[in-house]
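In the numbering used here, each number is its position in the sequence shown, counted from 1, plus 1133. Quick notes on the structure that follows.
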Amino acid sequence: MFGFLKKKLKESVEKISKIVKKEEIEVEKVEKAIKEEKLRETKEIVREAKKGIPREIEEEVVKIKPAEIKEEKKGLIERLKRRIKEKTLEEKDLKEILWDLQIGLIESDVAVEVAEKICNDLRNDLIGKSISRKKVEEVVKSSLKNSILDILNVNSLNVLEEVKGKKPFLILLLGFNGSGKTTSIAKVGNFLKQKDLNVVFAAADTFRAAAIQQLEVHGNNLGIKVIKQDYGSDPAAVVFDAVEHSKAKGMDVILADTAGRSHANVNLVDELKKIVRVNKPDLKILILDALTGNDVVEQVKMFDEAVGIDGLILTKTDVYDKGGAILSAVHTANKPIIFIGTGQDYKDLEEFNAEKIVENLLS
Ligand code: GDP
């Protein structure tokens, strides 16, 4: 999952590590030579070790004067040791790497401003800081982890807890055609049913006859009742019926399908607003197809402006290699991802776990 983004992050960690790491020279030998005030020998050791020596250490040693070695023995040893073990990164060391990272993130569908945030966080964490040559990978990874977690950890939403707070609980599922809306309704229905909740589907996509049939197939497979009216009927009325049915039968949750829409479907957007006005759903969840890439940003904006959304389900993460849409969607919506779709079966739904995603990205 998200192999492409993972690769881009890995490349940056490796490039920065390469600058910082470099082989350590034999500290003890240098220390001994200095202690014995053997300046020529100190320089010799450094010169012999050649390639493995960071440039600034060589410079430091070359600068030493015979008088200094006497007076400053201790300070000098400490300074050299520090230089050998640590490296202070400067803007010029990172400029190109940060730029490559930014481009790599954008290529992975990360929105430009999100890519900029990640690079700025990394710059602030690294520049001017003395970094242990041995721990550089850890430091870079941890900076990237924190930055990405910061994006993903918007106020989380626990559907199970929400659902248990009100009966019946109405969830409206929104999204473009083909985003995986109907499949996700079935998966969420299955998830809630397994938690011993009584679920009803409302077939409120009355715009496409096939949508009603599709939901009925899922309902039959899962043993979940589907409340429907004829093709072309008022979707607000279908949801209303489903709520009345649930009240009468003591059902816990209504999952309402809606017609897929885009900017161009002004009527459908108005219809969606009517469904919301009439039925006042407890949650409005937007289904996003990860394969849409950075275009998820536009979809989020459109639905949020039209009716306001409370959370997201990102589908098809199993076949989406780039990975960045997940960051773009959360950042734009400032709303949590509740579930991710990980396949075509009913069981292929995972509760969203930011830590797990970030661990995977930087493993
Ligand atoms: P809708 O038009 O938004 O209702 O979309 P559907 O639910 O009919 O899904 C469109 C296609 O995407 C179907 O072939 C689904 O099997 C597939 N699909 C939905 N979710 C996932 C997912 O998480 N992973 C994969 N691989 N396919 C999915």
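Backbone N, C-alpha and C fix where the C-beta goes; we use that ideal spot for every residue, glycine too. As the structure is a prediction and not an experimental result, all values here were calculated from the model.
Secondary structure at E1270: helix, using DSSP grouped into helix, strand and coil.
In the three-state reduction of the DSSP assignment, A1462 falls in the helix class.
If you look at K1417, you'll find it in the beta strand (DSSP E) that goes L1416 to D1422.
A contact is defined here as three or more CB-CB pairs under 8 Å, and the segment 1405-1423 meets this definition with respect to the segment 1447-1464.
L1138 and L1494 do touch by the CB rule: their CB atoms are close to 6 Å apart, below 8 Å. V1429 is positioned such that its CB atom lies no closer than 8 Å to that of A1392. In chain order, I1471 place their CB closer than 7 Å to the CB of V1292, counting only its own chain and leaving out the 5 sequence neighbours on each side.
When rounded, the separation of the alpha-carbon atoms in A1344 and F1302 is 22 Å. Below 8 Å, too few C-beta pairs join the segment 1352-1359 and the segment 1261-1272 to call them touching: fewer than three. When rounded, the separation of the alpha-carbon atoms in Y1453 and K1320 is 19 Å. T1448 carries a strand assignment under DSSP once its states are collapsed to helix, strand and coil. Secondary structure note for D1437: it is in no beta strand (DSSP E), and the uninterrupted alpha helix (DSSP H) holding it is V1429 to A1439. Sequence-distant partners of L1142 (beyond 5 residues in either direction) whose C-beta falls short of 7 Å from its own C-beta, in its chain, are L1277, L1494 and L1495. Less than 8 Å divides the Cβ of S1280 from the Cβ of K1250. In this structure, T1339 has its CB at a distance of at least 7 Å from all heavy atoms of ligand 1. A Cβ closer than 6 Å to some heavy atom of ligand 1 marks a residue here, and those residues are G1308, N1310, G1311, S1312, G1313, K1314, T1315, T1316, G1393, T1448, K1449, D1451, V1452, G1474, T1475, G1476, Q1477 and D1481.
Looking at the DSSP output, L1303 shares a beta bridge with I1387.
The Cβ atoms of V1371 and A1342 do not sit closer than 8 Å to each other. In the three-state DSSP reduction, E1484 falls in the strand class (E or B). Scanning V1245, T1315 and K1228 for the CA closest to the CA of N1257 turns up K1228.
Residue ranges of uninterrupted alpha helix (DSSP H) with 4 or more members, entirely inside the segment 1303-1367 and ordered along the chain, are 1314-1327 and 1342-1355.
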